[in-house]
Amino acid sequence: MIRKRMLKTIKTILGVFLVVLSYCGCVFASEESNAESIVTIVKGLDTLWVLLAAFLVFIMQAGFGMLEAGLIRPKNTCNILMNNFLDFCIASVGFFVFGYAIMFGTGNGFMGWNGFFLINATHEGTIPLEAAWLFHAVFCGAAATIVAGGIAERMKFKCYLIYSFLISVTVYPVVGHWIWGGGWLANIGFGDFAGSTVVHAVGGTAALVGTMILGPRIGKYNKDGTANAIEGHSMTLASLGTLILWFAWFGFNPGSTLSVGDGSFMAKVAVNTNLSAVAGSLVAMFYAWRKCGKPDLTMTMNGALAGLVAVTAPCAYVTPIESMIIGAIGGIIVVVGTLFLDKIHIDDPVGAVPVHCMNGIWGTLAVGIFGHKSLGLARDGLLNGGGFAQLGVQALGVATVVAFVAAAMTTIFKIMDSTVGLRVSREEELKGLDISLHGMEAYSGFQIFVTQ
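For the sequence shown, this note's numbering begins at 772 and goes up steadily by one.
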């Protein structure tokens, strides 16, 4: 009898134990399931944000197209729009086949070696590889399209297509690897959060080289050295393009956070981006007003773009007040740079060099002047007690990038010039590239002057 009772007690205890164990298992499984769900939701939100940012950056192609079309003559409008349309198509193909592998593939400090066609390509972070590729592909397209403004109204279309492919598969990915792909500049603490150097200094330097090799447009400079104003045909289009670019920059800079988090980081970057643009626009307007006698709309718009370019590198590493200072200095640089280029007879129809090259350099150096280690930079900047260490790294990095891009693009443009010819004929230039190269008009039925 006692033995039966003991067995019954043991069975009861085992039953209770099994019930408790089963319950605990369900709880643990539920907690594990909840944890997996949270990870999935975070990954989904990060991916959604990066994709939305990529879509915004893609809209930059429209912004550049409208801005550049408005600032050139109507007889070349179709050509400049074709350039903006096709350079993104070509950049996307080139970055898919070669560019991403060179930029983010495993390799050495100079370039990556694996991941061509995205086969066996890798990516660090929470977002999928495809989202990362698309985000960086639209950045590549933005760098390529900057050049269209500098070489406007005189480059052969086929040469522009060749250029677009080569910069997308060689120059841009190599520089990107140095800075964002774990290359030698990344390893010494170079700071470029969203691309003042990687995108804008690269595109701006390429524009400068192309403009210098092509030479000025017919009628731009007189024999006595004075410059003639070749007015754009639609300030409406140019204004629309500038505002589109400004809007798209909220994908460019805040999107470079590559994650949502609690939202505070990307909000800070967005505020810094906007304040720098505002400061650049206002200062450029007032400075040009003082220098030239009237408030100039082109200078005002380019001042906003200068502020955007300048803050692109330091937007994550500085305070809002510092971002305004950076943008204000950028506004002065774009006015001084534009007037200087005219004095030395470098014909830049839309101001691509002062906006992107000069302010890309300035924004990169600003990281070493105003940056904060507490905000993610490798070292404090000069004005925050860090001495010249970070500024020295920034100066070394941007000088190397500019020299590399200048040498590479000089080689590319010179080879094209000596083989297929870089510039259209005098007759084609006077007639306009729309009719000469594309057999169409942007404004059919309207009188277009083709002798100036």
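Glycine included, each C-beta is placed from N, C-alpha and C at the ideal position.
If you reduce the DSSP assignment to three classes, tell me which class residue i lands in.
i	result
Tyr1088	coil
Glu1212	coil
Arg1194	strand
Gly960	coil
Gly912	helix
Gly878	strand
Gly883	strand
Phe856	helix
Glu839	helix
Pro899	coil
Phe1175	helix
Gly954	coil
Ile1281	The question about residue 1281 has no answer here: the residues shown for the chain are numbered 772 through 1223.
Val798	Interpretation of Val798 is limited by its pLDDT of 41, a score under 50 that renders its predicted location unreliable; the figure taken from the coordinates is listed afterwards. Residue state, collapsed to three classes: helix.
Phe1159	coil
Gly1168	helix
Ile830	coil
Phe1217	coil
Gly1152	coil
Should residue i go down as buried or exposed, given a rule of 16 or more other Cβ atoms within 10 Å for buried?
i	result
Leu1148	buried
Ala806	exposed
Pro845	buried
Asn847	buried
Ser1094	buried
Lys1065	exposed
Asp1033	exposed
Ser939	buried
Pro1091	exposed
Leu1204	buried
Gly974	buried
His948	buried
Thr1109	buried
Leu823	exposed
Lys929	exposed
Gly755	Nothing can be reported for residue 755: it is not among the residues displayed for the chain, which extend from 772 to 1223.
Glu1200	buried
Cys911	buried
Leu827	buried
Val810	exposed
Ser1196	exposed
Phe1217	exposed
Glu1198	exposed
Trp884	exposed
Glu839	buried
Lys927	buried
Ala1174	exposed
Thr916	buried
Arg1061	exposed
Phe835	buried
Cys1128	buried
Leu985	buried
Run through the DSSP bridge pairs and tell me what residue i is partnered with.
i	result
Tyr992	Ala998
Gly1147	DSSP lists no partner for Gly1147.
Met926	Arg1194
Cys1139	Looking at the sequence shown, residue 1139 is not Cys but Gly. For Gly1139, which the question treats as bridged, DSSP gives no partner whatsoever.
Gly1203	None; Gly1203 has no bridge partner.
Pop quiz: residue i and residue j are said to be a contact at Cβ under 8 Å. What is the actual Cβ separation, rounded to whole angstroms?
i	j	result
Ala1084	Gly1134	4 Å
Gly981	Met1180	7 Å
Phe906	Gly1026	7 Å
Ala972	Val1169	6 Å
Lys1003	Ile1186	For the record, residue 1003 in the displayed sequence is Gly; it is not Lys. Not a contact, Cβ separation roughly 32 Å.
Val868	Phe888	6 Å
Gly1152	Leu1167	With a Cβ gap of about 15 Å, Gly1152 and Leu1167 do not count as contacting.
Gly1131	Val1080	6 Å
Val1164	Gly960	6 Å
Ile922	Ala998	Actually they are not in contact, since the Cβ atoms of Ile922 and Ala998 sit about 18 Å apart, beyond 8 Å.
Taking Cβ positions only, does residue i come closer than 8 Å to chain B?
i	result
Ile1001	Reference to chain B is not applicable here, since this structure consists of a single protein chain.
Which residue spans inside the segment 1053 to 1133 form an unbroken alpha helix (DSSP H) run of at least 4? Counting whole runs of 4 or more residues, the segment 1053 to 1133 contains the alpha helix (DSSP H) stretches 1068 to 1083 and 1091 to 1114.
Considering only residues of the segment 965 to 1052, which uninterrupted alpha helix (DSSP H) runs meet the minimum length of 4 residues and lie entirely inside it, listed in chain order? Taking only runs of at least 4 residues, the alpha helix (DSSP H) segments lying wholly in the segment 965 to 1052 are 973 to 985 and 1006 to 1023.
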